[in-house]
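Visitor: The numbering of the sequence shown is the UniProt record's numbering, which starts it at 1 and goes up by one. All residues carry an ideal CB built from backbone N, CA and C; glycine is no exception.
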Amino acid sequence: MSDMRSSLGEFLRARRRVTTVDQVGLPEVGDRRRTPGLRRDEVAMLAGVSTDYYTRLEQGRERHPSDQVLDALAQALLLDLDATDHLYELARGRRSRRSRMGRADHVDSHLLQLVDAWEHTPAFIVNRRWDVLARNTLSAAVCGWLENSDNMMRLVFLNPAAQEFLPTDWEREAYAYAAHLRAMVGAGGDDPFLLELVEELSRGSETFRRLWARHDVHVRTHESIRLHHHDVGDLALHFEGFTINSAPGHVLVVGQAEPGSPSAAGLAKLGWLAVSSR
């Protein structure tokens, strides 16, 4: 329980420091701010609790905040639904609702056949770590040739070429992946395979360390991405994630380009090149 209270305080401090007075509608008074973000007394005021009580929460000395207090803190710190769920998980000390992943990541043969049959749509299957468990030919042609493409988080944070591959969206992608990983780790932090990935990314990427320290929490389900491919140039693709009911924790990610667009033509050319090279 002490670890959980410490995690709650760490989360509150991190979110307080990245929430500005402008965002919550408070006036900036002189140059008295020595650190970015809100002060403890400002969060307490916005949440309708005493500064002493809020301080005890951050320090892990208050064990049982009510639902009303948690809702008020979520509103004061501008938390979305994912981050609010994470706040409750930290405060209540319950085990994450998300099941542990484990090392065995079997993909059903019928699902593999379905993914392989999509010749005009890049598609791949990932687990909670965003290890790529399977991908079709077009998905491999889009990014499978990049180093570390066996795990999308490693690709973004540990491969310098990712910044050239995502010339305009790399920072946004990095933020999204860090926030998604925080949501997957959850309050308990008891999945060793996820924690291994956090440690690996922390060792290898200053950007990841910076984003991880923010404690942003957001489960990504869809994304529009602009990327640059060395064979076909710029592509604007929209990816949608679908949970697989027969394999909890696995997600099918499917991409598409706007019909009739230059990106659709580029994707078609890339598919033709991929088939021709086999």
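(1) Using a Cβ-Cβ cut-off of 8 Å (strictly less than) and excluding sequence neighbours within five positions of A140, which residues of its own chain qualify?
(2) Name the DSSP beta bridge partners of T243, please?
(3) Across which residues does DSSP place N151 in a beta bridge pair?
(4) So, is E9 buried or exposed, given that buried needs 16 or more other C-beta atoms within 10 angstroms?
(5) Do three or more CB pairs link the segment 221-236 to the segment 257-276 at distances below 8 Å?
(6) Measuring straight from C-alpha to C-alpha, what distance separates L77 and I225?
(7) In the structure shown, what three-state DSSP assignment does S205 receive?
(8) Which runs of the alpha helix (DSSP H), 4 residues or longer, sit entirely within the segment 31-115?
(9) Residues in its own chain within less than 6 Å of D41 by CB, not counting five upstream and five downstream?
(10) Between the beta-carbon of V219 and the beta-carbon of A183, is there less than 8 Å?
(11) Rounded to the nearest angstrom, what separates T19 and S246 at their Cα positions?
(12) For the alpha helix (DSSP H) containing H229, list its first residue and its last residue.
(13) So R128 packs on N151, CB below 8 Å; how close in whole Å?
(14) Quick test of the definition: if touching needs 3 or more C-beta pairs under 8 Å, does the segment 199-207 touch the segment 234-245?
(15) Note the first and the last residue of the continuous alpha helix (DSSP H) segment covering A162.
(16) Could you check what DSSP says for E10 in three-state terms: helix, strand or coil?
(17) Note down, in chain order, each residue of its chain lying with its Cβ closer than 8 Å to the Cβ of M101, except the 5 sequence neighbours on either side.
(18) By Cβ distance, which residues of its chain are closer than 7 Å to L26, with the 5 residues on each side in sequence left out?
(19) Check residue 286 in the structure and name its three-state DSSP category.
(20) From G144 to A14, what does the alpha carbon distance come to, in whole angstroms?
(21) Assuming D131 contacts A178 (C-beta within less than 8 Å), just tell me the rounded distance between them.
(22) In the DSSP assignment, what are the bridge partners of V126?
(23) Within the present structure, is the beta-carbon of A176 separated from the nearest heavy atom of the ligand ZN by less than 7 Å?
(24) Closer than 8 Å by C-beta to Q163: which residues in its own chain qualify, once you throw out the five before and the five after it? Chain order, please.
(25) State the CB to CB distance for the pair L12 and E58, rounded to an integer number of angstroms; the pair is presumed to be in contact (CB under 8 Å).
(26) Tell me, please, which residues DSSP counts as bridged to Q23.
Guide: According to the data block:
(1) A274
(2) V251
(3) D131
(4) In the sequence as presented, Glu is not what sits at residue 9; that position holds Gly. G9 comes out buried.
(5) yes
(6) 28 Å
(7) coil
(8) 40-47, 51-59, 67-76, 81-92
(9) T51
(10) yes
(11) 40 Å
(12) Element bounds for H229: not the alpha helix (DSSP H) but the beta strand (DSSP E), 222-229.
(13) Between N151 and R128 the Cβ distance is about 11 Å, and since that is not below 8 Å, they are no contact.
(14) no
(15) 162-165
(16) helix
(17) A caution first: M101 carries a pLDDT of 42, below 50, which makes its placement in the model too unreliable to give a value.
(18) E42
(19) Outside the shown range of the chain, which is 1 to 278, sits residue 286, and nothing can be said about it.
(20) 35 Å
(21) In fact, because the Cβ distance is near 17 Å, the residues do not count as touching under 8 Å.
(22) V132, V251
(23) Absent from the structure shown: the ligand ZN. Ligands present: none.
(24) W170
(25) 5 Å
(26) Answer is none; Q23 lacks a bridge partner.
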